[in-house]
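Chemist: Before I ask anything, let me first share the structure, which is written out below as structure tokens.
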RNA sequence: CCAGUCGGCCGGACGGCUGCUGGCCCCGCCGCCCGCAAGGGUAAAGCUGGGCUGGAGGAAAGUCCGGGCUCCAAGGAAGCACGGUGGCGGCUAACGGCCGCCGGGGGCAACCCCAGGGAAAGUGCCACAGAAAGCAAACCGCUCUCAGCGCGCAAGCGUCGCGAGCAAGGGUGAAAGGGUGCGGUAAGAGCGCACCGCGCGCCUGGCAACAGGCGUGGCAAGGUAAACCCCACCGGGAGCAAGACCAAAUAGGGGUGGCCAGGCAUGAUCGGUUCGCCGCUCGAUGCCAGGUUGGUUUCCUGACCCGCCACCCGGGUUGGUUGCACGAGGCGUUGCGCGAGCGGCGUCCCAGAUGAAUGGCCGUCGCGGAGGCAACUCCAGACAGAACCCGGCUUACAGGCCGACUGGUAAA
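Residue numbers (our numbering): 26 to 153.
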């Protein structure tokens with residue numbers, strides 16, 4: 026199954042308001058989809074690789090490595106109805122692939138369990 | 001073999017597991033058609049499974065020139081302004097590119113470099129230094145006449161001053177008004193002569209830039225045009241987020257019409273006719289129906305605003321399709337040309353994403369460096385990522401390959 030990706034700036038901005046956790050390779054953010062009937066939708070991912078990290082060649086490679094790792098991990102760790110955004114760090118280019126995956130596994134775990142402890146937020150996406 | 005010059009090329013290879021994307025195809029489901037049925041057919045979009053095949057660069061980069069293509073503007077033009085180009089000839093769709101040649105400069109040479117039109121059209125500028133930087137001028141000087149003084153028997157010599165002549169030497173400068181030499185002179189000076197340079201004229205060669213020769217002038221004409229400027233040639237503007245099309249839903253905009261006065265029957269006119277009738281138009285008679293919609297204004301007719309309905313038009317947003325992959329195309333071969341290139345023939349179809357695919361991980365080998373006799377071990381692997389396409393330029397680049405030529409050295 027092809028990876029569903031975020032395509033609009035507004036979608037990225039919305040996820041920025043959710044839970045986040047930083048690993049050495051990248052920062053992971055997540056937030057539930059807005060409408061209740063999307064609670065069982067397949068998770069979607071967005072990748073942010075800023076120009077600060079290098080030229081087009083390096084940034085392409087970083088994005089592809091992160092994407093490959095996510096595709097391996099998504100089935101087990103990503104939750105339905107969630108959107109995820111990965112913000113790459115410089116280490117994402119040079120870190121051994123196994124460690125990169127471990128970073129993301131930890132990030133998935135932390136970002137799911139940190140949520141209730143943070144500032145109160147409605148458990149499901151509501152429009153209030 | 002060493003040193004060097006020029007041109008061309010490559011930019012790791014193979015394999016395994018697992019993905020993305022374009023194209024083509026197959027099986028099945030759903031749909032539609034045929035059929036009583038079994039089954040068959042079809043296929044726009046979609047779903048599941050599968051197969052085959054294509055998928056980053058020499059610079060994809062910088063976005064500096066030139067084109068194609070699209071829209072806009074306009075008179076298919078010309079001019080002005082502005083910008084660009086600048087030896088000559090050629091190549092090209094075009095160019096500020098390329099090729100050949102000319103001129104100047106550099107190198108022993110192969111070869112390299114040049115923004116290389118005009119300074120007697122005009123204007124400006126030429127710092128500092130220097131007397132003087134454009135019109136010729138004279139600081140130290142050089143020469144001569146005369147007068148004074150000193151020395152000397154005298155010829156004369158020295159010195160100072162006035163006047164006249166000169167620009168060789170010194171000095172300043174990036175540059176001081178042709179250079180070198182000889183003659184000449186009081187000293188000098190193109191004043192004269194020779195050679196070189198320069199200007200002008202003619203002749204010869206060349207398409208031309210230009211070169212060579214002859215004659216002549218007698219030096220008159222400094223530099224700067226990446227200073228203004230003059231001359232010649234070129235250029236309309238904006239760009240694929242150009243432009244074209246489709247589909248939705250919501251809100252809103254514009255226009256037109258309506259929110260009533262007519263309808264039916266009989267009759268007549270004209271046209272058609274299958275002679276049954278049908279259609280058009282007209283007024284007469286009869287029958288049926290009716291007096292409008294919120295606000296403002298007005299005595300009323302009416303006017304204006306709003307509302308509702310129908311149709312049409314245009315714009316915005318979102319999504320999709322197209323533009324968009326057959327082209328000044330690649331490869332091979334052949335003819336012409338010194339060459340850039342041009343032509344013929346054969347053959348191939350070769351990335352098309354759009355939060356943006358062309359990958360991720362691993363192994364083996366090869367290349368380069370270091371260590372080691374070796375097996376081997378450890379490092380390193382550049383510059384850099386298509387976005388409408390093409391021709392160039394410029395810039396970046398680890399490492400490597402091929403060819404031609406030059407100067408040495410050695411051997412034959």
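A virtual CB, placed ideally from N, CA and C, is assigned to each residue, including glycine.
With a CB to CB cut of under 8 Å and the five nearest residues on each side skipped, what residues in its chain are close to residue 86?
Modeler: Counting from one through the first chain, the residue named residue 86 turns up at place 61. Same-chain partners within the cutoff: 118.
Chemist: Excluding the 5 residues flanking residue 73 on each side, which residues of the same chain have their C-beta closer than 6 Å to its C-beta?
Modeler: On the first chain, position 48 is the one that residue 73 refers to. Answer for residue 73: 112, listed in chain order.
Chemist: Cα-Cα, which of 71, 138, 81 and 57 is closest to residue 106?
Modeler: Mapped onto the first chain, residue 106 falls at position 81. The shortest Cα separation from residue 106 among 71, 138, 81 and 57 belongs to 57.
Chemist: Please classify residue 68 as buried or exposed, where buried requires at least 16 other C-beta atoms within 10 Å of its C-beta.
Modeler: In the first chain, counting from the first residue as 1, residue 68 sits at position 43. Classification of residue 68: buried, given that the 10 Å Cβ count is 16 or more.
Chemist: Suppose you measure from the CA of residue 36 to the CA of residue 42; what does that come to, to the nearest Å?
Modeler: Position 11 of the first chain, counting from 1, holds the residue named residue 36. Position 17 of the first chain, counting from 1, holds the residue named residue 42. Going by the C-alpha atoms only, they are around 11 Å apart.
Chemist: Distance check for residue 71 and residue 32, CA to CA, integer angstroms please.
Modeler: Translated into the one-based positions of the first chain, residue 32 becomes position 7. Translated into the one-based positions of the first chain, residue 71 becomes position 46. Answer to the nearest angstrom: the Cα atoms are 8 Å apart.
Chemist: Over the uninterrupted alpha helix (DSSP H) stretch that includes residue 119, give me the two end residues.
Modeler: For the purposes of this step, residue 119 is identified with residue 94 of the first chain, where counting begins at 1. Segment 116-119, the alpha helix (DSSP H) holding residue 119.
Chemist: Going by DSSP, what residues sit across from residue 71 in a beta bridge?
Modeler: Looking up residue 71 in the first chain gives position 46. Its beta-bridge partners are 110.
Chemist: State yes or no: is the C-beta of residue 126 within less than 8 Å of the C-beta of residue 98?
Modeler: The residue labelled residue 126 in the question sits at position 101 within the first chain. The residue labelled residue 98 in the question sits at position 73 within the first chain. Yes, they are a contact pair.
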